[in-house]
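Step one of this worksheet: look at the structure below.
There are 2 protein chains.
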Amino acid sequence: MLHKKTKYALKALFALARRPNVPVHIADLAAAEGIPKKFLESILAELKNHGILQSKKGRGGGYQLSRASHRVMLGEVIRMLSGPLAPIPCVSQTRYVRCEDCPHEELCGVRAVMKEVRDSTARILDHTSLAEVAAQMERIKNKGYESAMYYI
Amino acid sequence: MLHKKTKYALKALFALARRPNVPVHIADLAAAEGIPKKFLESILAELKNHGILQSKKGRGGGYQLSRASHRVMLGEVIRMLSGPLAPIPCVSQTRYVRCEDCPHEELCGVRAVMKEVRDSTARILDHTSLAEVAAQMERIKNKGYESAMYYI
DNA sequence: CTAATAGTCTACTAAATATGTAGACTAAAT
DNA sequence: ATTTAGTCTACATATTTAGTAGACTATTAG
Chain X
83 MLHKKTKYAL
93 KALFALARRP
103 NVPVHIADLA
113 AAEGIPKKFL
123 ESILAELKNH
133 GILQSKKGRG
143 GGYQLSRASH
153 RVMLGEVIRM
163 LSGPLAPIPC
173 VSQTRYVRCE
183 DCPHEELCGV
193 RAVMKEVRDS
203 TARILDHTSL
213 AEVAAQMERI
223 KNKGYESAMY
233 YI
Chain E
83 MLHKKTKYAL
93 KALFALARRP
103 NVPVHIADLA
113 AAEGIPKKFL
123 ESILAELKNH
133 GILQSKKGRG
143 GGYQLSRASH
153 RVMLGEVIRM
163 LSGPLAPIPC
173 VSQTRYVRCE
183 DCPHEELCGV
193 RAVMKEVRDS
203 TARILDHTSL
213 AEVAAQMERI
223 KNKGYESAMY
233 YI
C-alpha cells in the first residue's frame with residue numbers, strides 16, 4: 083500500500099511541476115490538495131533534504147522543484163519516502179535484505195513471483211516522470227473541457 | 083509490502099501443492115518452512131475458513147488443498163490475507179474506496195499511475211497458480227541437481 | 001472406550017509504523 | 001522592524017503486525 087504521506091508528496095510534486103520556477107507556499111499547496119498543512123510541512127522538508135525540492139524563505143517564498151520535472155521519476159520519490167518498491171526485501175534492487183527463513187533463495191517460489199511483481203512495478207514507476215503525469219492530466223482536463231463546451 | 087503472514091501462507095500452500103491429496107500436519111509444515119507453529123495454525127485456519135484448504139482431524143490428519151493446485155491463483159490468496167492488490171484503494175477492483183481528498187478522480191495523477199501498477203501486478207498474480215510456481219521450482223531444483231552432478 | 005493425536009477458539013501482548021499536532025524558533029524580504 | 005514563511009524537536013494516538021498462551025474439542029487407531 084502507498085502511504086498517505088507518499089501520496090501527499092506526489093500530489094504536491096505534481097502541483098509544483100505545473101508551476102515551474104515559481105515558489106509556491108505550503109499553505110496554498112495544502113489547501114489546493116486537501117493535505118493537513120503541518121503534515122505537508124514535514125513531507126516537503128524531507129523532500130528538500132533529499133535534494134528534490136528547494137525552498138525560499140521570507141515574503142514571496144515557498145517551495146519549488148530543484149530539477150526539471152521531466153527528470154524526477156516517481157520511483158525515486160516513492161523510494162525516498164516509503165522505501166523499496168519490492169514487495170519483499172529479498173527482491174529489492176536498492177535495499178536487498180536476505181530472508182532468514184530461506185535456505186535457498188533460488189528455490190523460493192514466493193521470491194520468484196515477487197521478483198516479477200517488483201520488476202513490473204519498477205518498469206512503470208522508474209520510467210514515469212512528474213512531467214509526464216502532469217502533462218497527461220492536463221490533456222484529460224482539456225478534453226473534458228471541450229466535451230463540456232459541447233453542451234453550451 | 084507483502085506481510086509475513088501472507089508469505090508464510092504462500093510457502094505453506096506451495097508445500098501442500100507438492101503433495102496433492104495427502105493430509106500434512108502443521109508441525110511438519112512449520113518445521114520445513116521455518117514458520118512459527120502457532121502462527122501457522124492461525125493462518126491455515128483462516129485459509130480453511132475461506133475454503134481453500136480442508137483439514138482432517140485425529141491420527142493421520144492434517145491439512146490439504148481443497149482444489150487442484152492449478153486452480154488456486156496467488157492473487158486470490160493474497161487478497162484473502164492482505165486485502166486488495168491495488169496500492170491505493172481508489173484503484174482497487176475488488177474493494178474500491180473513494181479518496182476523500184480527491185474532487186475529480188479522472189484528474190488525479192496518483193490514481194492514473196497507481197492504476198497501471200495495480201493492473202500489472204494483478205496481471206501477474208491472477209494468472210499464476212500454485213501449481214505453476216511449484217512446477218517452476220521443481221525444474222530449477224532438478225537443473226541445479228544436474229549441474230551439481232557434473233562435478234562428481 | 002480411551003488415549004493420543006491434531007485442529008479450534010479466545011484472549012492477550014509487544015513492537016513497529018502511520019498519521020498526525022503543538023509550539024517555539026529562525027531566516028529573509030520589504 | 002515587522003511580517004511572512006520555513007525549520008526543528010517533541011509528543012500523541014491509533015492501527016497493524018507478528019506473534020504467544022492455554023484451554024478446549026473432535027477424530028480415530030487400537
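Here the protein sequences come in this chain order: X and E. Following my numbering, the numbering of the first sequence begins with 83 at its first residue and continues without gaps. Following my numbering, the numbering of the second sequence begins with 83 at its first residue and continues without gaps. C-beta atoms are modelled at their ideal positions from N, C-alpha and C, and glycine is treated no differently.
Nearest-angstrom Cα distance between residue i and residue j?
| i | j | result |
| --- | --- | --- |
| P166(X) | P105(E) | 38 Å |
| A112(E) | M155(X) | 42 Å |
| M219(X) | E128(E) | 42 Å |
| S211(X) | I108(E) | 48 Å |
| P171(E) | K225(E) | 42 Å |
| M162(X) | S137(E) | 45 Å |
| L84(X) | A204(E) | 16 Å |
| K119(E) | D110(E) | 9 Å |
| K86(X) | H186(E) | 18 Å |
| A168(E) | G157(E) | 11 Å |
| K139(X) | T88(X) | 24 Å |
| A217(E) | R153(E) | 14 Å |
| L189(E) | I222(X) | 7 Å |
| R141(E) | G133(E) | 22 Å |
| I206(X) | S164(X) | 17 Å |
| S124(E) | A99(X) | 48 Å |
| L95(E) | C181(X) | 18 Å |
| L135(E) | L135(X) | 51 Å |
| S202(E) | N103(E) | 33 Å |
Let me check understanding here. Comparing Cα to Cα, which of the options lies closest to residue i?
| i | options | result |
| --- | --- | --- |
| V173(X) | G143(X), G191(X), R149(X), M162(X) | G191(X) |
| H209(E) | Y178(E), V179(E), L147(E), I160(E) | I160(E) |
| A97(E) | E115(E), G142(E), S148(E) | E115(E) |
| R101(X) | G140(X), S151(X), S124(X), I134(X) | S151(X) |
| S148(E) | L163(E), G157(E), L126(E), A168(E) | L126(E) |
| Y178(E) | P185(E), K93(E), K197(E) | K197(E) |
| C184(X) | G140(E), A168(E), I117(E), E188(E) | I117(E) |
| Y90(E) | L122(E), C181(E), G143(E), N103(E) | L122(E) |
| A194(E) | E214(X), I170(X), S137(X) | E214(X) |
| K130(X) | R141(X), Q146(X), G142(X) | Q146(X) |
Chain E partners of residue i, CB-CB under 7 Å?
| i | result |
| --- | --- |
| L98(X) | Result: empty, since nearest Cβ-Cβ is about 12 Å, beyond 7 Å. |
| G116(X) | D183 |
| T210(X) | V195 |
| I222(X) | E188, L189 |
| E198(X) | I206 |
| K119(X) | In chain order: nothing, as chain E lies at least about 13 Å away. |
| K89(X) | I170, V192 |
Can you say whether residue i is buried or exposed, counting buried as having 16 or more other CB atoms within 10 angstroms of its CB?
| i | result |
| --- | --- |
| T176(X) | exposed |
| K93(E) | buried |
| G144(X) | buried |
| R200(X) | buried |
| I234(E) | Bear in mind that the predicted position of I234(E) carries a pLDDT of just 41, short of 50, making it too unreliable to give a figure here. |
Using a Cβ cut-off of 9 Å, pull out every chain X residue sitting near residue i, in sequence order please.
| i | result |
| --- | --- |
| Q146(E) | Neighbours of Q146(E) on chain X: none; closest Cβ ~18 Å, over 9 Å. |
| S202(E) | V199, S202, T203, R205, I206 |
| M162(E) | The premise fails here: M162(E) is roughly 15 Å from chain X at the closest Cβ pair, so nothing lies under 9 Å. |
So with CB distances below 8 Å, who are the chain E contacts of residue i?
| i | result |
| --- | --- |
| A216(X) | G191 |
| T176(X) | Those do not exist, as T176(X) stays about 14 Å from chain E at its closest Cβ, beyond 8 Å. |
Under 7 Å between beta-carbons, which chain X residues line up against residue i? List them in chain order, please.
| i | result |
| --- | --- |
| P169(E) | M83, L84 |
| K93(E) | V192 |
| L156(E) | V195 |
TODO: May I have a chain-ordered list of the beta strand (DSSP E) segments no shorter than 3 residues that lie completely inside the region 88–153 of chain X?
DONE: 135–138, 144–147
- Task: Please list the segments of the alpha helix (DSSP H) lying wholly inside the region 182–217 of chain X, counting only runs of 4 or more residues, in order along the chain.
- Result: Counting whole runs of 4 or more residues, the region 182–217 of chain X contains the alpha helix (DSSP H) stretches 191–207.
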